[in-house]
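In the UniProt record's numbering, the protein residues as written are 1 to 101. Glycine included, every Cβ here is placed at the ideal spot set by N, Cα and C.
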């Protein structure tokens, strides 16, 4: 599991961080993205999650739905995923943005 740094007091957070995931069998790999809202006084609040099959990722920007912990789709949250393939077929860069609808 990889985590970005926390952003405080930012309604439109942007992360400029890269993670490398070694993929032995890319055809079977799933990338799970979980978004949490930072809370200084309490535990961070779960904001949403999605799971992306790596084999279906195509270069470009896509709208990606976010789901609650039960798997129900959120209608009040939007996310955008930009995928860029680097170094052949096994290394990827994924940029995730999200906001309240």
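Could you check whether residue 59 and residue 83 sit closer than 8 angstroms to each other, using their CB atoms as the reference points?
Position 83 of the chain shown, counting from 1, holds the residue named residue 83. Position 59 of the chain shown, counting from 1, holds the residue named residue 59. Yes, the Cβ-Cβ distance between residue 83 and residue 59 is below 8 angstroms.
Every unbroken beta strand (DSSP E) within the region 19-71, with a cutoff of 3 residues, ordered by chain
30-37, 45-53, 60-64
Rounded separation between residue 48 and residue 4 - CA only
Numbered from 1 along the chain shown, position 48 holds the residue referred to as residue 48. Numbered from 1 along the chain shown, position 4 holds the residue referred to as residue 4. Using only the alpha carbons, I get a separation of about 15 angstroms.
Helix, strand or coil, according to DSSP, for residue 73 in the structure here?
The count along the chain shown starts at 1 and reaches residue 73 at position 73. Three-state result, residue 73: strand.
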